[in-house]
Amino acid sequence: MPENLKMLAANLGALGPRRLMLMAGVFVLVLMAVGIGSAFLNRPTYQPLYVGLERDDVTRMGMVLGEAGIVYDVNAEGTTLMVPAGMTGRARMILAEKGLPSSAGAGYELFDNLGSLGLTSFMQEVTRVRALEGEIARSIQTISGVKGARVHIVMAERGNFRRAEQVPTASVIIRFDRAGVESRANAVRHLVAAAVPGMVADNVTVLDSAGRLLAAGEDPLTNSASSAIGIEATVENQVADGIHRALAATLGAANFRVSVQADINTDQRQIEETIFDPDSRIERSVQIVRAEDAATEQLASEPVTVEQDLPQDAQGGAGGGSTNERSERREETTNYELSSTRTATISNGYNVDRLSIAVVVNRARLVTPDGQPLDPAAVEERLAQIRTVAAAAAGIVEDRGDVLNITAFDFVEGMTAEGSSASGAMASLSEHLGTAINAFAFIAVILAVIFLAVRPMINVLRSGEFAQQVARVEAADTPLLANEGADSAVGEGGGEALADMAAESIRLKPAPEERLSRIIDMNEERAAQILRRWLNNEAVSGDA
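Numbering (the numbering used here), first residue to last: 8 to 551.
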């Protein structure tokens with residue numbers, strides 16, 4: 008053991024100050040790499056504990072976790088609190104014991120912190136409204152697609168001198184986590200109206216975080232417009248789902264895309280009509296009127312005056328002719344009761360005026376059973392079959408002007424099923440990304456220690472041994488070259504050198520060929536000189 012230490016010290020001393028400084032620098036770099044790697048490996052993997060927190064809650068929760076000895080971290084926005092993996096359950100229990108986070112708990116637990124002494128009726132009413140708002144906001148946040156909600160309720164105040172009774176109203180601001188979920192605004196209105204006594208859905212106004220009005224009861228135009236948009240979206244989704252179910256079994260769900268545009272007529276119609284049936288008549292009443300008229304007219308002679316002085320008898324006998332008239336009239340009126348049908352139709356639904364459907368099929372999927380591409384004629388025939396299936400699934404009516412267009416294109420990478428499975432694999436891999444990084448970092452540190460510390464140290468030690476061996480060989484060869492006639496001296500020196508080299512070779516594990524190759528790698532010119540000297544020595548020995 009002491010001999011090895013002496014040899015190590017001698018080898019290090021033979022390296023010189025330059026190599027020693029280089030070794031020291033490499034040693035310091037290795038220590039730094041090992042330290043950084045150890046710090047990175049010892050860093051725990053954090054999991055989100057709560058998201059969407061207020062900054063005050065984050066501060067209070069951090070103090071509680073620090074007192075409990077739980078390491079925590081906060082994201083750059085300061086709204087997400089993270090703890091090491093496996094500590095989420097314990098951290099939640101500790102925070103729940105302290106009533107944190109309080110911003111998400113503004114419900115009926117507000118009464119837990121209120122004392123009964125010195126509490127006025129106004130404070131009780133305000134606390135009740137706050138608790139009700141918090142509970143309703145919690146319920147709204149449980150709806151799928153809703154990230155956050157704030158509820159403001161104005162309760163009805165009783166007054167003895169009011170002519171009209173005041174009704175409660177509410178306004179709701181919703182923050183969605185994705186697009187296309189605005190149709191849930193109507194459900195939110197009914198939820199709020201059912202939770203507040205005396206409130207109707209028309210008195211609830213719903214807005215999103217961008218300031219867009221989603222639902223309001225006082226504007227019929229807005230309600231009708233939103234209703235029409237909702238009906239169009241429903242019809243389009245139903246038609247697209249029908250086509251998707253029909254084609255997914257043959258083409259694959261990822262090998263085609265469907266787009267539907269529906270023109271919907273939501274006008275309200277009221278139709279009233281009365282239909283009379285002349286064949287089904289019933290005699291209701293009969294009225295008969297009869298009239299007879301008789302008239303006699305006597306024609307008188309020329310009148311006699313006093314001047315003629317005629318007697319009475321003469322005047323009576325000189326009368327004129329007479330006429331008789333007789334008429335008869337009969338009227339008959341019959342009243343019939345006709346059978347009639349009165350129909351009043353009120354339509355509040357909708358009619359589909361037109362459907363425009365576009366289906367894009369992946370051309371790579373249109374192949375033969377053995378996987379060979381189809382010729383253009385076969386492709387057109389296959390598209391015609393797909394068109395027939397899609398038209399039946401969508402309920403296409405040509406007389407209505409419906410349009411169905413089916414086209415085959417080459418899909419880009421990542422849109423097929425392979426791309427979907429690959430994205431799913433990447434999502435699964437991202438969950439374990441922290442563990443994989445730690446493992447790779449540990450392997451990198453080990454490799455860095457091997458290549459930057461162990462291997463250079465071995466090379467340096469071996470280079471020192473080889474240099475010492477070369478020096479010994481040179482020392483043994485010098486007397487032979489200086490005195491060619493002294494055979495005994497040469498033999499004695501050569502014997503001692505060979506004895507030393509034999510003992511050295513016993514202590515060293517590598518073979519002579521390996522040592523020679525290393526000497527050549529270190530300095531080819533010096534190795535060539537040594538070999539040249541050995542050959543000269545063998546030639547001199549042979550001549551002797």
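We put the CB at the ideal spot given by N, CA and C, even for glycine.
Source: prediction; values computed, not measured.
First and last residue of the beta strand (DSSP E) that includes residue i?
i, result
"residue 193", "Residue 193 -> not in any beta strand (DSSP E); alpha helix (DSSP H) instead, spanning 192-202."
"residue 373", "Element bounds for residue 373: n/a, residue is neither H nor E."
"residue 161", "153-161"
"residue 265", "263-272"
"residue 367", "358-369"
"residue 54", "53-57"
"residue 215", "211-215"
"residue 222", "220-222"
"residue 89", "88-91"
"residue 411", "410-416"
What residue range does the alpha helix (DSSP H) around residue i cover?
i, result
"residue 392", "383-401"
"residue 176", "Looking at the DSSP string, residue 176 is not in any alpha helix (DSSP H); the run it does join, the beta strand (DSSP E), is 176-183."
"residue 147", "128-148"
"residue 98", "95-104"
"residue 72", "62-74"
Quick check: residue i and residue j, are their CB atoms within less than 8 Å of each other?
i, j, result
"residue 343", "residue 297", "no"
"residue 362", "residue 246", "yes"
"residue 51", "residue 78", "yes"
"residue 396", "residue 415", "no"
"residue 40", "residue 455", "yes"
"residue 171", "residue 196", "no"
"residue 253", "residue 400", "yes"
"residue 38", "residue 90", "no"
"residue 191", "residue 152", "yes"
"residue 263", "residue 419", "no"
"residue 206", "residue 175", "yes"
"residue 92", "residue 54", "yes"
"residue 177", "residue 159", "yes"
"residue 75", "residue 43", "no"
"residue 417", "residue 370", "yes"
"residue 86", "residue 59", "yes"
"residue 162", "residue 136", "yes"
"residue 352", "residue 403", "no"
"residue 304", "residue 335", "no"
"residue 380", "residue 374", "yes"
Taking residue i as the reference, which of the options has the closest Cα?
i, options, result
"residue 108", "143, 61, 213", "61"
"residue 5", "544, 391, 417", "In the structure as shown, the chain starts at 8 and stops at 551, and residue 5 therefore has no counterpart that could be examined."
"residue 155", "214, 447, 75", "214"
"residue 143", "201, 167, 171, 543", "201"
"residue 348", "66, 75, 283", "283"
"residue 301", "238, 332, 163, 12", "332"
"residue 194", "168, 356, 237", "237"
"residue 345", "370, 286, 354", "286"
"residue 388", "405, 453, 413, 443", "413"
"residue 365", "177, 269, 304", "269"
"residue 224", "210, 72, 218", "210"
"residue 104", "71, 127, 84", "71"
"residue 267", "250, 533, 541", "250"
"residue 81", "97, 63, 96", "63"
- Message: Would the region 141-158 count as touching the region 174-183 if we require 3 or more Cβ pairs under 8 Å?
- Response: yes
- Query: If you pair each beta-carbon of the region 330-339 with each one of the region 267-278, do three or more pairs fall below 8 Å?
  - Reply: no
- How do the region 348-363 and the region 402-410 stand: do at least 3 beta-carbon pairs fall below 8 Å, yes or no? yes
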